[in-house]
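Undergrad:
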């Protein structure tokens, strides 16, 4: 998995991820179990996208090791996540949600709202690589390829900038 370069805020916002960036960076994350989910933050707001991972660990100690790494990365990247650790049962489950709260859209007004940016992808790739290199996760069967129908549905689900932008 390729790690995107660090991304800096411009006028207190980060640009939304572009279609070419998704094609380059998200496919490998998707193949390792990451997904996009739309969630409403309040009743009055539209759904906004989150990067989501549900990871099963070999032990509670392994899950805590990844959580420590997550907290360290949040400090290094100046970016935070939402997470939930369910530690009952043989294999603890960690759910991670990543989103940029101030993402700049590609419209003429430069609208700022929650969305997915390269900073989110960078954090997800860093976590996934660490978990795999440290051999923390319960092995999961990987699909090995992203079928066309799933890929098209993924790309259609996100508010991409027009090709003219």
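Residue numbers (this note's numbering): 131 to 295.
Quick reminder that beta carbons are idealized off the backbone N, C-alpha and C, glycines included.
1. Hey, out of 239, 219, 245, 234, whose CA is closest to residue 227's CA?
2. Report all residues from its chain with a CB closer than 8 Å to the CB of residue 267; omit the five preceding and five following residues, and keep chain order.
3. If you pair each beta-carbon of the region 137 to 153 with each one of the region 195 to 205, do three or more pairs fall below 8 Å?
4. Going by DSSP, what residues sit across from residue 255 in a beta bridge?
5. I'd like to check one pair, residue 203 with residue 215: are the Cβ atoms closer than 8 Å?
6. In this structure, how does DSSP classify residue 189 when only helix, strand and coil are distinguished?
7. Using alpha carbons as the reference points, say which of 264, 152, 190, 171 lies closest to residue 218.
TA: According to the structure shown:
1. 245
2. 185, 186, 187, 188, 192, 261
3. no
4. Its beta-bridge partners do not exist; DSSP assigns none.
5. no
6. coil
7. 190
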